[in-house]
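In the numbering used here, the protein residues as written are 3 to 357. Heads up, the beta-carbon is just placed ideally off N, CA and C, and yes, glycines get one too. From a predicted model like this one, the values you see are computed outputs, not experimental measurements. Below is one structure, written out as structure tokens, with a few remarks after it.
Quick look at the structure:
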């Protein structure tokens with residue numbers, strides 16, 4: 003089973019080593035998943051994520067969630083949030099939740115290639131206009147497709163949402179046609195976008211979003227495929243010169259999950275409360291946050307004078323043709339694995355068209 007880019011288990015020993023190093027060897031107070039209520043009946047849950055405290059998902063989803071659960075439980079449940087990768091790198095967030103390194107974990111499925119084969123349908127190119135649309139489809143697929151839901155059976159799912167669509171951005175070269183990306187080294191968020199870039203003739207370079215700024219600054223890559231919400235969150239507006247808002251290369255699916263042992267150790271009334279505060283409603287909160295950040299990202303780019311290129315109908319057809327090749331390959335690959343790839347893809351399109 004693939005465990006992400008580093009292909010290793012993220013154990014409790016790893017957690018203690020990283021946490022100790024991050025805090026200069028001082029004693030840390032993090033609870034380890036499944037430890038149960040603290041003295042006096044208080045339950046403390048650790049929530050780790052790799053984004054900064056300034057990131058929209060921290061501000062708009064996790065902080066309000068922690069505040070709401072504390073208020074609704076009259077202080078009985080407390081959520082300690084540890085941002086910035088303090089509890090593990092981006093590519094190990096899901097496994098950290100499975101293993102009990104943290105009680106609540108958040109991350110992107112594309113950072114662990116092969117682990118979510120049917121979820122990756124959401125990442126297929128040129129399908130969604132915004133995060134809310136994609137999230138409604140994603141949540142319904144999770145509710146109705148057992149094979150997709152099985153990808154999350156090791157954890158308790160609290161939310162599944164999508165970020166805003168990712169588009170191509172370059173430092174120096176204007177982008178309008180497929181030919182404009184050929185030969186460029188482009189940061190890619192995952193395997194599916196790798197295939198789109200290869201079909202076009204670009205060279206995909208895989209790396210977490212947290213490493214992209216340095217790679218752009220040092221000229222390791224010529225550009226990136228990334229959502230507009232990342233622009234001001236990671237200061238990419240300082241480095242990119244050209245972008246194409248019309249090209250929705252992908253949407254990034256994301257998970258917010260609880261360690262299974264932690265969930266089963268909660269009192270029934272606490273489980274009921276958490277159910278009330280999570281699920282589709284929380285997922286849509288995440289999506290709404292990303293759509294708002296997309297608009298802010300576009301505003302920042304326009305304010306900086308960065309060129310927002312338009313694509314002709316003829317050029318758009320070429321982009322979509324490249325995408326169709328990748329979609330056909332994805333379906334064939336899933337079917338060869340014994341998974342209902344075509345069924346999931348067609349259901350996804352039907353749900354999208356209804357949204």
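Asked                                                                                                             : Found
Assigned secondary structure, residue 125 (DSSP; H/G/I helix, E/B strand, else coil)                              : helix
Residue ranges of each alpha helix (DSSP H) within the segment 278-339, 4 or longer                               : 282-306, 315-338
Residue environment, residue 101, which counts as buried when at least 16 other CB atoms sit within 10 Å          : buried
Closest residue to residue 122 among 200, 277, 138, 347 (Cα-Cα distance)                                          : 347
For residue 180, the first and last residue of its enclosing beta strand (DSSP E)                                 : Taken as a continuous stretch (DSSP letters only), residue 180 belongs to no beta strand (DSSP E), as it is neither H nor E.
Residue 87 versus residue 53: straight-line alpha-carbon distance, rounded                                        : 7 Å
Cα-Cα separation between residue 243 and residue 304, rounded to whole angstroms                                  : 11 Å
Residue 269, buried or exposed, once every other Cβ within 10 Å from all chains shown has been counted against 16 : exposed
The segment 218-235 contacting the segment 181-191, beta-carbon criterion three pairs below 8 Å                   : yes
Contact check, residue 105 vs residue 292, beta carbons under 8 Å                                                 : no
Collapsed DSSP secondary structure at residue 252 in the structure displayed                                      : strand
Beta-carbon gap between residue 256 and residue 288 smaller than 8 Å                                              : yes
Three CB pairs or more closer than 8 Å across the segment 277-284 and the segment 153-163                         : yes
Residue 131, DSSP secondary structure in three states                                                             : coil
Classification of residue 239 by the beta-carbon crowding that lies within 10 angstroms, buried from 16 upward    : buried
Nearest-angstrom Cα separation, counted from residue 217 out to residue 83                                        : 29 Å
C-alpha distance - residue 231 paired with residue 64, whole-angstrom precision                                   : 17 Å
Nearest-angstrom Cβ-Cβ length linking residue 309 and residue 176, presumed shorter than 8 Å                      : 7 Å
8 Å Cβ shell around residue 180 - same chain, five flanking residues per side excluded                            : 202, 203, 317, 320, 321, 324
Expected contact under 8 Å - CB spacing of residue 197 and residue 331 to nearest Å                               : 7 Å
Spatially closest choice to residue 85 from 96, 107, 76, 352, by CA coordinates                                   : 107
Of the residues 145, 241, 302, the one placed nearest residue 221, counting alpha carbons only                    : 241
Given residue 172 as reference, the closest of 246, 126, 273 once Cα atoms are compared                           : 246
Beta carbon of residue 297 nearer than 8 Å to that of residue 234                                                 : no
Proximity of residue 194 and residue 252 at Cβ, strictly below 8 Å                                                : yes
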